[in-house]
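Since the structure comes first, as structure tokens, the remarks are kept for the end.
Protein chains in written order, with the numbering used here: chain E, 14 to 201; chain U, 14 to 201.
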């Protein structure tokens, strides 16, 4: 029997992605976002939604660029911190000890210590209400050698991304491999 | 050292969500989507991206409604099947043996056997390229009594949603609890 929980943003899984930007003065900043997802295959695009009140919002509006950085579960405390503090009054890279790297493709920094990063150029800005969705065209994906699996692609169990449960506000790791897509359903 | 992998939709984690719709004749249909995410808190909205070529695309355009159904890992084969077959030539509910339930709030069915469902009314349609993003206002969230945790909210480890690794095309389960959001990062 299903119980009604009301009109809320309560759905699983949501990602824990760290959005990298430069502010007006060129200071690198990061904020954590769970409101995001891939939204187009061609051109390859990812959408991330930010509140206007965030410091990163102004940076993205100005530079028309951001990175999506996927933290491993070993950095879950840093990821949580990046969602609590504001770049308006903190230098989150310095405080966390993580390293900003200037993207050569877009006007934004990525996080050296995070194993998987996307460099994105803003191609759409959609006002949805409390949040604005930035659609970024993915110009490149970069991954650490250490997380590569067979076929030269990142292995989920080496990247070890974090999953967020909204409303209950808890982080989870990745579990076991459940099978191959476009394959295990062919029995039907 | 990071290696460039090119411009592609390769990011972790992505969700495995099953989108429920009625076609012109009122036949219930489901398709699996990994291109989606929450995109606004107020109004509460979720975005899902579909190719125009899918059968579900026409149904959403016509009915302006869809459901987002979160399958448990026990139903990973059904979820994969829903992404392989087309509602144009298959009755996916009949073939899988799952049960469509008519939403009382929107003109779309949800999957009785899936523990967490969102009933959505389309409020924006964004043409992005190969994919069109439908932004649905979440009118209600419904969850099975059996997956509720403390505080009367769904427990991630009871819902047991599926995570997808795009490009490598593999499904994964949820791992262990890594801590509390807006809390574990306060040490910095």
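For every residue, glycine included, the Cβ atom is placed at its ideal position computed from N, Cα and C.
Nothing here was measured: the structure is a model prediction, and the numbers come from that model.
- By the Cβ criterion, the stretch 119-129 of chain E is not in contact with the stretch 138-155 of chain U, since fewer than three pairs of Cβ atoms, one from each stretch, lie closer than 8 Å.
- At least one C-beta of chain E is nearer than 8 Å to the C-beta of residue 155 of chain U.
- Taking 8 Å as the cut-off, the Cβ atoms of residue 175 of chain E and residue 36 of chain E do not count as close.
- Distance from the CA atom of residue 45 of chain U to the CA atom of residue 177 of chain U, rounded to whole angstroms, is 11 Å.
- Within 7 Å of the CB of residue 200 of chain E, the CB atoms of chain U belong to 90, in sequence order along the chain.
- Using a 10 angstroms sphere on the CB of residue 159 of chain U, the tally of other CB atoms stays under 16, which defines it as exposed.
- Residue range 58-64 is occupied by the beta strand (DSSP E) that includes residue 62 of chain E.
- A distance below 8 Å between beta-carbons, with the five flanking residues on each side excluded, links residue 62 of chain E to the following residues of its chain, in chain order: 46, 48, 49, 141, 144, 145, 146, 147.
- One thing to note: residue 188 of chain E has its Cβ no nearer than 8 Å to the Cβ of residue 192 of chain U.
- Interface annotation for the stretch 167-178 of chain U against chain E: 167, 168, 169, 170, 172, 173, 174, 175, 176, 177, 178, criterion Cβ-Cβ distance under 9 Å.
- Contact of residue 133 of chain E with chain U by beta-carbon distance below 7 Å is absent, the smallest such distance being about 10 Å.
- The beta-carbon separation of residue 21 of chain E and residue 57 of chain U, rounded to 5 Å, stays under the 8 Å limit for a contact.
- Exclusion of the five residues before and after residue 59 of chain E leaves 49, 50, 51, 52, 81, 131, 133, 148, 149, 151 as the residues of its chain whose Cβ lies within less than 8 Å of its Cβ.
- A distance below 6 Å between beta-carbons, with the five flanking residues on each side excluded, links residue 154 of chain E to the following residues of its chain, in chain order: 131.
- Runs of the alpha helix (DSSP H) lying entirely within the stretch 66-132 of chain U, each at least 4 residues long, are 68-76, 89-97, 105-109 in chain order.
- Residue 42 of chain E and residue 23 of chain E have their C-alpha atoms some 28 Å from each other.
- The beta carbon of residue 157 of chain U lies closer than 7 Å to those of 128 in the same chain, with the five residues before and after it left out.
- For residue 189 of chain U, the enclosing beta strand (DSSP E) begins and ends at 183-193.
- Residue 120 of chain E has its alpha-carbon roughly 19 Å from the corresponding atom of residue 101 of chain E.
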